[in-house]
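Protein chains in written order, with our numbering: chain A, 282 to 372; chain B, 282 to 372; chain C, 488 to 649; chain D, 488 to 649.
Think of the CB as a built atom: it goes at the ideal place given N, C-alpha and C, for glycine as much as any other residue.
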Amino acid sequence: MSETINKTVKLRYFAWVRERIGKPEEDVELPAGVATIADLVAWLTARGEEYAYAFENPKVIRAAIDRAHVKPQASIGNATEIAFFPPMTGG
Amino acid sequence: MSETINKTVKLRYFAWVRERIGKPEEDVELPAGVATIADLVAWLTARGEEYAYAFENPKVIRAAIDRAHVKPQASIGNATEIAFFPPMTGG
Amino acid sequence: MSAQTTVRIQREPFDVAVEAAKITSGRTDAGAVVTFTGICRGEENGVPIAALTLEHYPGMAEAEIESHVADAAARWPLIGATVIHRFGRIAPGEDIMMVATVSTHRAAAFAAADFLMDYLKTRAPFWKQVEKTDGKIWVEAKAEDDTAAERWTLPGKDAAAE
Amino acid sequence: MSAQTTVRIQREPFDVAVEAAKITSGRTDAGAVVTFTGICRGEENGVPIAALTLEHYPGMAEAEIESHVADAAARWPLIGATVIHRFGRIAPGEDIMMVATVSTHRAAAFAAADFLMDYLKTRAPFWKQVEKTDGKIWVEAKAEDDTAAERWTLPGKDAAAE
């Protein structure tokens with residue numbers, strides 16, 4: 282898949298990340314240059330204060346690509362769904 | 282208690298120690314000189330072939346004095362009940 | 488011989504004894520059953536709790552737990568393993584989640600249940616919100632849970648993505 | 488606040504779920520329940536087992552288990568711990584014994600149940616005899632059980648009298 286074509290990705294937010302952003306999910310067009318999860322967090326943070334608030338401490342934010350845990354440096358590649366959430370507290 | 286007076290002690294046997302000796306319990310008069318569990322095992326071993334069979338491998342025999350686990354060198358003291366049995370296999 | 492594994496994410500309560508019996512039923516080699524049940528407490532540090540609400544990531548929760556159950560079955564000789572995790576509002580005294588592991592001998596059953604719990608705490612996409620009399624707050628993750636999960640990381644194996 | 492402990496040696500079957508519920512009932516601080524159930528297997532290395540017969544040392548069995556339950560309650564913050572061990576003839580598929588531990592958090596409940604099982608295996612005066620088609624044989628103690636029990640021995644603490 283060409284990197285020059287903008288991709289549509291579904292973003293999903295959980296727990297207080299969802300509350301701070303104010304919605305559970307949204308479809309976004311990823312601009313060229315947003316190649317990793319860390320890039321995506323930086324791009325979202327610049328989109329508005331609700332995003333800046335949700336990602337104010339990026340170190341505590343966890344991410345999943347297509348329902349699998351990933352690290353911030355993970356490549357977005359052909360992801361169709363990317364999720365952001367706080368550290369998990371199930372069990 | 283004077284060590285020169287013979288003491289009566291109840292002996293109890295379990296599992297294959299019981300089967301080899303052929304009885305679950307007996308009262309015995311301990312002669313002077315039988316001061317420890319190891320002494321008692323040696324004395325019983327000399328009493329007859331059923332005891333010699335039960336204690337043929339003294340290292341695997343466990344003992345309890347008044348219902349508490351003890352080592353072979355434990356002093357019999359004023360024990361009222363001494364038990365011999367194989368390694369435990371409960372649980 | 489593969490382990491009989493079950494993973495369910497549900498709103499409804501469950502019955503630990505029934506779930507454990509499903510694994511052992513008809514198995515002549517089952518010698519050891521370990522179960523863990525997590526219960527909603529009625530207080531936290533002396534402060535009363537009205538309820539917990541569990542949010543989860545549908546689809547990922549099942550997949551993540553299934554992968555850890557498969558991991559456990561690969562590491563220990565299990566006859567079976569069941570994990571059930573509830574979501575939604577849960578009142579004090581109600582069960583939140585359960586793990587049941589069955590093996591021929593106890594060591595495998597204990598280790599697998601302990602392993603699954605450590606991973607569920609740090610890797611399963613669930614988030615607890617506590618309702619107290621003065622409002623709702625999200626439960627914070629505990630550093631000790633990460634430390635517990637790290638016990639199981641094999642040298643050379645890819646560490647958990649955090 | 489002392490732990491609620493129960494030790495029973497009995498011929499009759501027991502119900503693990505009922506016993507665990509007795510500990511958690513009315514406790515708002517109970518967050519974690521671990522149970523272990525030992526089951527009579529129907530085979531051993533592929534050879535069918537007709538039944539197990541458990542012999543025990545009445546009086547000492549209770550005292551020994553009670554002392555280990557008290558030890559567990561001193562080492563971990565337990566809300567309660569129950570140990571039930573059956574004796575007599577037990578058929579394949581029937582429960583032999585159980586341990587249930589309850590705590591506020593899972594680490595204590597898991598550690599205490601694991602500890603109790605290790606000690607029961609090597610220190611509780613019970614002996615298993617297996618009935619196979621070709622006769623009865625006493626189960627031999629396993630070296631791995633002694634090794635498991637030694638995990639819990641604290642340096643400087645009097646080691647188990649063997």
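message: Give me the chain A residues within the contact set of T609/C, using Cβ-Cβ distance strictly less than 7 Å, ordered along the chain.
response: Here residue 609/C refers to the residue found at position 122 when the third sequence is read from its first residue. Here the neighbours are M369.
task: Classify R498/C as helix, strand or coil using the three-state DSSP reduction.
output: Sequence index remark: in the third sequence, residue 498/C carries index 11 (1-based). In the structure shown, R498/C sits in coil (DSSP, three-state: anything other than H, G, I, E or B).
query: When the cut-off is 7 Å and only beta carbons count, does R301/A lie next to chain C?
result: For the purposes of this step, residue 301/A is taken as the residue at position 20 of the first sequence. Not one chain C Cβ lies under 7 Å of R301/A.
Local conformation of V351/B per DSSP, three classes: As a working mapping, residue 351/B is identified with position 70 in the second sequence. Reduced to three states, the DSSP call for V351/B is strand.
task: Kindly give me the distance between the Cβ atoms of A296/A and W614/C, rounded to whole angstroms, as I take these residues to be in contact under 8 Å.
output: Taking the first residue of the first sequence as 1, we reach residue 296/A at position 15. Taking the first residue of the third sequence as 1, we reach residue 614/C at position 127. Confirmed, Cβ separation roughly 4 Å.
message: Can you confirm whether G643/D, when its beta carbon is compared against all beta carbons of chain B, has any partner nearer than 7 Å?
response: The sequence position of residue 643/D within the fourth sequence is 156, counting from 1. Because G643/D sits at a pLDDT of 45, beneath the cut-off of 50, its placement in the model cannot be relied upon, and the following sentence gives the value as read from the coordinates. No, no contact with chain B.
Simplified DSSP assignment, three categories, for H572/D: On the fourth sequence, position 85 is the one that residue 572/D refers to. H572/D falls in the strand class under three-state DSSP.
For R573/D and L541/D, believed in contact at Cβ under 8 Å, the rounded distance: Counting from 1 along the fourth sequence, the entry for residue 541/D is found at position 54. Counting from 1 along the fourth sequence, the entry for residue 573/D is found at position 86. Their Cβ separation, rounded to whole angstroms, is 6 Å, which keeps L541/D and R573/D in contact under 8 Å.
message: Considering just the uninterrupted stretch of the beta strand (DSSP E) at T634/D, what are its terminal residues?
response: Counting from one through the fourth sequence, the residue named residue 634/D turns up at place 147. It is not in any beta strand (DSSP E) - T634/D instead sits in the alpha helix (DSSP H) that spans 630 to 637.
query: In chain B, which residues lie with their C-beta within 8 Å of the C-beta of F613/D?
result: By one-based count along the fourth sequence, residue 613/D stands at place 126. Correct list: M369, T370, G371, G372.
- prompt: Taking contact to mean at least 3 C-beta pairs separated by less than 8 Å, is the region 612 to 632 of chain C in contact with the region 522 to 542 of chain C?
  reply: yes
- prompt: Does any C-beta atom of chain A lie closer than 7 Å to the C-beta of G546/C?
  reply: The residue you call residue 546/C lines up with position 59 of the third sequence. It does: the Cβ of G546/C has a partner Cβ on chain A nearer than 7 Å.
query: K304/A by DSSP, collapsed to three states: which one?
result: Numbered from its first residue, the first sequence carries residue 304/A at position 23. Coil.
field: Nearest candidate by alpha-carbon position, reference G533/C, set G580/D, W563/D, T591/D
entry: Counting from one through the third sequence, the residue named residue 533/C turns up at place 46. Comparing Cα positions, the closest option is T591/D.
- prompt: What in chain B is Cβ-close to E542/D, meaning under 7 Å?
  reply: Taking the first residue of the fourth sequence as position 1, residue 542/D is located at position 55. Within 7 Å Cβ-Cβ: F295, A296.
query: Do F365/A and A344/A have their C-beta atoms closer together than 7 Å?
result: One-based indexing of the first sequence puts residue 365/A at position 84. One-based indexing of the first sequence puts residue 344/A at position 63. For F365/A and A344/A, yes; Cβs fall inside 7 Å.
message: What would DSSP say about M369/B, mapped onto helix, strand or coil?
response: Here residue 369/B refers to the residue found at position 88 when the second sequence is read from its first residue. Coil.
- request: Would you kindly work out how many angstroms separate the C-alpha atoms of A460/C and A587/D, rounded to a whole number?
  value: Look at the range of chain C in this structure, 488 to 649, and you will see that residue 460/C is not part of it.
- prompt: Anyone know if the C-beta pair for I571/D and V589/D falls short of 7 Å?
  reply: Position 84 of the fourth sequence, counted from the first residue, corresponds to residue 571/D. Position 102 of the fourth sequence, counted from the first residue, corresponds to residue 589/D. No.
- request: Express the C-alpha separation of A578/D and R293/B in angstroms, rounding to a whole number.
  value: For the purposes of this step, residue 293/B is taken as residue 12 along the second sequence, with counting starting at 1. For the purposes of this step, residue 578/D is taken as residue 91 along the fourth sequence, with counting starting at 1. Their backbone Cα atoms lie some 27 Å apart in a straight line.
- request: Return helix, strand or coil for F613/C, following the three-state DSSP convention.
  value: Position 126 of the third sequence, counted from the start, is the residue given in the question as residue 613/C. Strand, per DSSP.
- request: Give the C-beta separation of T492/C and A560/C to the nearest angstrom, bearing in mind that I take them to be a contact with Cβ-Cβ under 8 Å.
  value: Your numbering for residue 492/C matches position 5 in the third sequence. Your numbering for residue 560/C matches position 73 in the third sequence. Correct: roughly 6 Å between the Cβ atoms.
- prompt: From the beta carbon of G468/C, is the nearest beta carbon of chain A less than 7 Å away?
  reply: Only positions 488 to 649 of chain C appear in the structure, and residue 468/C is not among them; the question remains open.
- prompt: Mapping DSSP to helix, strand and coil, what is D605/D?
  reply: In the fourth sequence, the residue the question calls residue 605/D occupies position 118. Correct three-state label for D605/D: helix.
- prompt: Assuming G518/C contacts I526/D under a Cβ cut-off of 8 Å, what Cβ separation, rounded to an integer in Å, is found between them?
  reply: Sequence index remark: in the third sequence, residue 518/C carries index 31 (1-based). Sequence index remark: in the fourth sequence, residue 526/D carries index 39 (1-based). Contact holds; Cβ gap of about 6 Å.
- request: Name the residue from D621/C, D632/C, A598/C, K619/C whose alpha carbon lies nearest to the alpha carbon of G372/A.
  value: Here residue 372/A refers to the residue found at position 91 of the first sequence. That would be D632/C, whose Cα lies nearest to the Cα of G372/A.
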